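Asks:
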Amino acid sequence: MTKQDQFIKKHGHNWDFMCAAIRDESYAQDMLKRNPRLLEADVNGSGETPLIYLAVEDRYEACEFLIKLGANVNALTNNGTSGFHDVVIAASLKTIKLFLDNGANPNTIGFNSQSCLSTATDNNDYQLMQLLLDYNADPNFRHTSTNDYPLGIAVRNKDTKLAQFLINAGANPNIDLSHPDSCGSTFLHNAIEQYDIDMVKLLINAGADVNQPVYHEMQITPIISALFQLDLDITTLLIKHGSDINYQLTDGHTFDSHLNMLGFTRADLDIQ
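Counting along the sequence shown from 1, when you hit position 130 you're at 126 in this note's numbering, and nothing is skipped either side.
In structure tokens, the structure reads:
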């Protein structure tokens, strides 16, 4: 028996049920009475149920029918990730909203280790982001495997419009990005390291802490990070917004000592 024959033998009835859900609802109901397991059966070997598979294909009416029969909008795939996340990637807003209206969790993780909102953010899909937020998607949802956040995606992509959208939706500009496998960072530090003065301005205006230290052994503050990048414009901007120039790092160095080591003086920064 070929692999194809084995697949048909194992999943054939599931496919028959799924096709009936599209073309003959009465027949699908009869099949389900005989075998209730069909509603949550694996149709493709990856654990996708008929509902999830048809949603990915954007078969709205069939999905509506299956949901009325009790299909689980939060079904997981074989690897334990969210089937709804697959729907968010592939389906229309109308189908995604159908799932959300029937209890789909917008804060689930997909095969790419991202939340639904982060995937929408990565795709710059404002309509989808707003839809998910309207159904209580968390703008500060952390992905444990990647230590990433929706706002982090916007900062990384140097997209101030997207960052402002997320901040308006409740994204926290002061999240500590520390985790066991790193020395830590913040969105502000990340923007500084990308020489992105527009993002730095946006984050400061949103309330980012200009004195929050990272890199925990040395406790580097944003102003020292800007100096290390030799970015005097961002350094001056941080000072004007309250960065502490008297802060002493754990190695004993100060803002002035680092400034001098790099060959600058306060006069270069247009400060007193």
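Backbone N, C-alpha and C define an ideal beta-carbon position, used for all residues, glycine too.
Remember, it's a predicted structure, so these values are computed and weren't measured experimentally.
#1: Restricting to Cα atoms, I'd like to know which of GLU36, ASP144, LYS154 and ASP192 is closest to ILE171.
#2: Nearest to ILE163 by CA position, among GLN244, LEU199 and GLY99, is which residue?
#3: Decide if ASP264 is buried, meaning its Cβ has at least 16 other Cβ atoms within 10 Å, or exposed.
#4: Leaving aside the five residues before and after LEU226 along the sequence, list all residues of the same chain whose C-beta is less than 8 angstroms from its C-beta, in chain order.
#5: Would THR217 be called buried (16 or more neighbouring beta carbons within 10 Å of its own) or exposed?
#6: Run through DSSP, which three-state label would GLN215 get?
#7: Near HIS249, what residues of its chain come up, given a Cβ to Cβ distance below 7 angstroms and the 5 sequence neighbours on each side ignored?
#8: Buried or exposed, going by whether 16 or more other CB atoms sit within 10 Å of the CB of GLN274?
#9: Just checking, does the segment 66 to 86 make contact with the segment 32 to 50 on the three C-beta pairs under 8 angstroms criterion?
#10: Closest to ASN40 by CA distance: which of ASN10, ASP118, PRO102 and ARG55 is it?
#11: Residues bridged to THR250 by DSSP?
#12: To test your reading of the DSSP string, which unbroken alpha helix (DSSP H) runs of 4 or more residues are found completely within the segment 124 to 211?
#13: Please check the pair ILE48 and ALA71, which I expect to be a contact at CB under 8 angstroms, by giving their CB distance rounded to whole angstroms.
#14: Excluding five sequence neighbours on each side, which residues of the same chain lie with their C-beta closer than 8 angstroms to the C-beta of LEU127?
#15: By the DSSP assignment, the alpha helix (DSSP H) with SER78 in it spans what residues?
#16: Tell me the DSSP bridge mates of LEU72?
#17: Below 8 angstroms on the Cβ atoms is my contact criterion, and I expect SER221 with ILE193 to pass it. Report the Cβ-Cβ distance as a whole number of Å.
#18: Thinking ALA100 and VAL52 are a contact (beta carbons under 8 angstroms), I'd like their distance in whole angstroms, please.
#19: Considering ALA100, what are the terminal residues of the alpha helix (DSSP H) in which it resides?
#20: Based on Cα-Cα distance, which residue from SER181, PRO102, LEU28 and ARG138 lies nearest to ALA67?
#21: Would the beta-carbon of GLN208 fall within 7 angstroms of that of THR232?
#22: Is LEU34 near PHE13, with beta carbons less than 7 angstroms apart?
#23: Grouping DSSP H, G and I as helix and E and B as strand, with all else coil, what is SER114?
Replies: In terms of the structure at hand:
#1: Here residue 171 refers to the residue found at position 175 when the sequence shown is read from its first residue. Here the closest residue by C-alpha is ASP144.
#2: Stepping through the sequence shown from its first residue, residue 163 is reached at position 167. Minimum Cα distance to ILE163 is reached at LEU199.
#3: Taking the sequence shown and counting its residues from 1, one reaches residue 264 at position 268. With fewer than 16 Cβ atoms within 10 Å of its Cβ, ASP264 is classed as exposed.
#4: In the sequence shown, counting from the first residue as 1, residue 226 sits at position 230. For LEU226, the CB contacts under 8 angstroms within the same chain, skipping 5 residues up- and downstream, are LEU258 in chain order.
#5: In the sequence shown, residue 217 corresponds to position 221, counting from 1. Result: buried.
#6: Taking the first residue of the sequence shown as position 1, residue 215 is located at position 219. In the structure shown, GLN215 adopts coil according to DSSP, grouped into three states.
#7: Locating residue 249 in the sequence shown gives position 253, where the first residue counts as 1. Once the five neighbours on either side are set aside, HIS249 has no close Cβ partner at all.
#8: Lying outside -3 to 268, the shown extent of the chain, residue 274 is not represented and no answer is given.
#9: Proximity of the segment 66 to 86 to the segment 32 to 50 meets the contact definition, three or more beta-carbon pairs being nearer than 8 angstroms.
#10: Stepping through the sequence shown from its first residue, residue 40 is reached at position 44. Considering only alpha carbons, the answer is ASN10.
#11: Along the sequence shown, read from residue 1 onward, the residue named residue 250 stands at position 254. In the DSSP secondary-structure assignment, THR250 is bridged to GLN244.
#12: Every unbroken stretch of the alpha helix (DSSP H) spanning 4 or more residues and falling wholly within the segment 124 to 211 is given here in chain order: 146 to 152, 156 to 164, 183 to 189 and 193 to 201.
#13: As a position in the sequence shown, residue 48 is number 52, starting the count at 1. As a position in the sequence shown, residue 71 is number 75, starting the count at 1. ILE48 to ALA71, Cβ: 6 angstroms. Contact.
#14: Start at 1 with the first residue of the sequence shown, and residue 127 comes out as number 131. These residues qualify, in order along the chain: LEU89, ILE92, LYS93 and LEU96.
#15: Start at 1 with the first residue of the sequence shown, and residue 78 comes out as number 82. It is not in any alpha helix (DSSP H) - SER78 carries neither H nor E in the DSSP assignment.
#16: Mapped onto the sequence shown, residue 72 falls at position 76. Partner(s): SER78.
#17: Here residue 221 refers to the residue found at position 225 of the sequence shown. Here residue 193 refers to the residue found at position 197 of the sequence shown. Not a contact, Cβ separation roughly 13 angstroms.
#18: Here residue 100 refers to the residue found at position 104 when the sequence shown is read from its first residue. Here residue 52 refers to the residue found at position 56 when the sequence shown is read from its first residue. Their Cβ separation, rounded to whole angstroms, is 14 angstroms, which puts ALA100 and VAL52 out of contact at 8 angstroms.
#19: Counting from 1 along the sequence shown, the entry for residue 100 is found at position 104. Per DSSP, ALA100 lies in no alpha helix (DSSP H) segment and is marked neither H nor E.
#20: The residue labelled residue 67 in the question sits at position 71 within the sequence shown. For the residues SER181, PRO102, LEU28 and ARG138, the minimum Cα distance to ALA67 belongs to LEU28.
#21: Working through the sequence shown from its first residue, we reach residue 208 at position 212. Working through the sequence shown from its first residue, we reach residue 232 at position 236. Against a cut-off of 7 angstroms, the Cβ pair of THR232 and GLN208 comes out as no contact.
#22: Reading the sequence shown from its first residue, position 38 is the one you call residue 34. Reading the sequence shown from its first residue, position 17 is the one you call residue 13. Yes. Within cutoff.
#23: Working through the sequence shown from its first residue, we reach residue 114 at position 118. Per DSSP, reduced to three states, the secondary structure at SER114 is helical.
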